[in-house]
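Colleague:
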Amino acid sequence: MKPGIIGAAIFCVASVAFAAGVVKPTGNKAQFPKADKELAKQTKPPSNNWLLDANDDTERFRRLQVAMGGTDIPMWELTHRYEELYTAIQKNNWEMGVYHWDKLRDRMNTAAMKRPARTQNIEGMFLESGIWQSMRDALVSKSPERMRDEFQTVREVCMACHVAENVGFLNDSSTFERTKSFAKQDKDDD
Ligand code: HEC
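The opening residue of the sequence shown carries number 7 in our numbering; numbering runs sequentially from there.
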């Protein structure tokens, strides 16, 4: 590409990016939410620099800890991977399955780090009970039947842990309905 054309292309991309902004500022006054009293102790006025403008590092870490949540956010993340594992099995893509399964384990451990009172069930029921390993072995075996069987066991264990952690009402979450069975195996299914 000639420099002139490159310049025109850059200009074009830049103007598209500029034009794509659709959120116009309201002009409302910036203020901290009343629910978190610690925030009001900040010397600087509230701004979008919610970490940098905090009074000290202890407060910065506190804010990060609040923003990163407890078990709920890791559960969101691992539910996405659980569903992608389901898709991988449906499509007989065992590598994609292993990819998500390994990352799901990492998220389980993050959940345990954040909420150590849940570690006992995370390890005892899921990570060290053989459930996690059996699913992985089934994926590596590339056997569609094994993968499908193991997935259903995983689904049961996810739900059993919710009961054990006194959140059994979450077993009505749409993900468990979506993943309760597999479509009939089709050799051309890709
Ligand atoms: C420690 C046992 C345990 C295991 C194993 C477990 N969960 Fe959870 N899950 C929880 C707890 C506890 C909560 C509620 C978190 C909270 O109170 O913030 C939860 C919440 C959830 C939620 C709701 C998240 C939200 O706030 O929107 C979903 C969905 C979910 N889990 C899916 C799964 C799936 C899928 C699996 C299996 C791959 C699984 N869970 C395995 C304990 C577990």
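Note that the Cβ used here is the ideal one computed from N, Cα and C, for glycine as well. These numbers come from a predicted model, not from an experiment.
Do the stretch 177-189 and the stretch 122-134 make contact, defined as three or more Cβ pairs closer than 8 Å?
Modeller: With a cut-off of 8 Å, the stretch 122-134 and the stretch 177-189 do not count as touching, because too few Cβ pairs lie within range.
Colleague: My guess is that T77 and R121 are in contact by the Cβ rule of under 8 Å, so how many angstroms apart are they, rounded?
Modeller: Between R121 and T77 the Cβ distance is about 5 Å, and since that is below 8 Å, they are a contact.
Colleague: What's the call for P39, buried or exposed, on a 16-neighbour Cβ count within 10 Å?
Modeller: Per the 10 Å Cβ criterion, exposed.
Colleague: Secondary structure at W107, three-state DSSP: helix, strand or coil?
Modeller: Helix.
Colleague: In whole angstroms, what separates the C-alpha of M7 from that of N99?
Modeller: With a pLDDT of 48 at M7, under the threshold of 50, the modelled position of that residue is not reliable, and no figure is offered here.
Colleague: Three or more C-beta pairs under 8 Å: does that hold for the stretch 68-86 against the stretch 107-115?
Modeller: Yes, they touch.
Colleague: With DSSP run on the structure shown, which of helix, strand or coil describes A36?
Modeller: A36 falls in the coil class under three-state DSSP.
Colleague: Smallest Cα separation from A189: which of A123, P150 and A118?
Modeller: Checked all of A123, P150 and A118; the closest Cα to A189 is P150.
Colleague: The ligand HEC and D78: does the residue's C-beta get closer than 6 Å to at least one heavy atom of that ligand?
Modeller: Yes, Cβ of D78 sits closer than 6 Å to a heavy atom of the ligand HEC.
Colleague: Sort W107, W56 and G27 by Cα distance to A36 and report the nearest one.
Modeller: Per the Cα distances, W56.
Colleague: Excluding the 5 residues flanking K109 on each side, which residues of the same chain have their C-beta closer than 7 Å to its C-beta?
Modeller: Correct list, in chain order: R87.
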